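Using the working numbering, the first residue of the sequence shown is number 506, and each one after it goes up by one.
Just so you know, even glycine gets a beta-carbon here, dropped at the ideal spot from N, CA and C.
As the structure is a computational prediction, the values presented were derived from the model and not from experiment.
Below: one structure, written as structure tokens.
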Amino acid sequence: KDNMTPNKEDYLKCIYEIGTHTQKITNKEIAAQMQVSPPAVTEMIKKMIAEKLIIKDKIKGYLLTRLGLHLVSELYRKHRLIEYFLVHNLQYTTTDQIHEEAEVLEHTVSELFVERLEKMLGYPETCPHGGTIPAKGELLVEKYQLTLDQVENAGTYRLARVHDEFELLKYLEKHNLHLGDTLILEQYDPYAQLYALKVNGKELQVNSVIAQQLYVEKI
Numbered sequence: 506k507d508n509m510t511p512n513k514e515d516y517l518k519c520i521y522e523i524g525t526h527t528q529k530i531t532n533k534e535i536a537a538q539m540q541v542s543p544p545a546v547t548e549m550i551k552k553m554i555a556e557k558l559i560i561k562d563k564i565k566g567y568l569l570t571r572l573g574l575h576l577v578s579e580l581y582r583k584h585r586l587i588e589y590f591l592v593h594n595l596q597y598t599t600t601d602q603i604h605e606e607a608e609v610l611e612h613t614v615s616e617l618f619v620e621r622l623e624k625m626l627g628y629p630e631t632c633p634h635g636g637t638i639p640a641k642g643e644l645l646v647e648k649y650q651l652t653l654d655q656v657e658n659a660g661t662y663r664l665a666r667v668h669d670e671f672e673l674l675k676y677l678e679k680h681n682l683h684l685g686d687t688l689i690l691e692q693y694d695p696y697a698q699l700y701a702l703k704v705n706g707k708e709l710q711v712n713s714v715i716a717q718q719l720y721v722e723k724i
């Protein structure tokens, strides 16, 4: 994590992310994800409720309000356009470079900058990790939502999107796994929670934690 204290925007993205794969969002889980103390989370949650970005919900834990969702979409839009720019226009290649640069830039560039950047890039629809780039003022709807761990049958899939998470990206880099690669799912072992894959002619086993962060498309 960067050494800046995580701000409201980071919390908002975190809550949004947890909500995409968990039934209930807890303070404990937010604290673990953000690597901060539970009291810090409680404090920030209070602020966010007061600012009408989230509401407390009996079943879901927390729900993002319409305002919160719009803000989240704006953050993803900014982050993903910057990543696209770094990769396609400035030829950044390693996860380390891209991650560090994008983290700094997304907190500093203006709305105008983002709009001009988007225009210059020709309105790209997806970021280098396959995440959807929402249009200005629109809510984020991910194009690729099927994760490997939701796949029922063995077969051939295309890696369409990966979770933009530093450790995961480093892992994929190490195993030479790229967006667009063909994944042959040979079998799933429910007891070990391992997915036996064949990628680029090589055998690879991934666990369910990783499988939850790989989005695939049936070929």
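Selection from the options that minimises the alpha carbon distance to residue i
i	options	result
residue 634	523, 720, 700 and 617	720
residue 628	596, 590, 710 and 670	590
residue 588	544, 604 and 560	604
residue 579	639, 665 and 513	639
residue 586	711, 617 and 651	617
residue 704	684, 641 and 569	684
residue 724	718, 659, 609 and 606	659
residue 717	621, 686 and 670	670
residue 734	706, 697 and 695	An answer regarding residue 734 cannot be provided, because it is not within the stretch 506 to 724 covered by the chain.
residue 541	631, 556 and 516	516
residue 576	624, 596, 643 and 651	643
residue 513	533, 715, 545 and 534	545
residue 537	519, 551, 549 and 624	519
residue 582	709, 632 and 650	632
residue 650	556, 722 and 539	722
residue 626	595, 561, 600 and 615	595
residue 641	556, 713, 574 and 709	574
Buried or exposed (CB count within 10 angstroms, at least 16 for buried), residue i
i	result
residue 655	exposed
residue 547	exposed
residue 572	exposed
residue 645	buried
residue 609	exposed
residue 679	exposed
residue 564	exposed
residue 693	buried
residue 668	buried
residue 696	exposed
residue 553	buried
residue 607	buried
residue 711	buried
residue 560	exposed
Cβ-Cβ separation, residue j to residue i (assumed contact under 8 Å), whole Å
i	j	result
residue 699	residue 690	At roughly 11 Å, the Cβ-Cβ gap does not stay under 8 Å, so residue 699 and residue 690 are not in contact.
residue 521	residue 569	6 Å
residue 493	residue 531	The shown model of the chain, from 506 to 724, leaves out residue 493, and the question about it has no answer.
residue 636	residue 647	7 Å
residue 682	residue 664	7 Å
residue 611	residue 593	17 Å between Cβ atoms; not a contact.
residue 622	residue 662	Not confirmed; about 32 Å, so no contact.
residue 533	residue 543	7 Å
Alpha helix (DSSP H) runs wholly inside the stretch 665 to 721, at least 4 long, in chain order: 671 to 679 and 713 to 716
Entirely enclosed beta strand (DSSP E) segments - the stretch 542 to 593, minimum 3 residues: 559 to 562 and 566 to 569
Are at least three pairs of beta-carbons, each pair with one atom in the stretch 526 to 541 and one in the stretch 671 to 687, less than 8 Å apart? Segment contact: the stretch 526 to 541 against the stretch 671 to 687, fewer than three CB-CB distances shorter than 8 Å; contact not assigned.
To test your reading of the DSSP string, which unbroken beta strand (DSSP E) runs of 3 or more residues are found completely within the stretch 513 to 547? none
Considering only residues of the stretch 618 to 646, which uninterrupted beta strand (DSSP E) runs meet the minimum length of 3 residues and lie entirely inside it, listed in chain order? Entirely contained in the stretch 618 to 646, not one beta strand (DSSP E) run reaches 3 residues.
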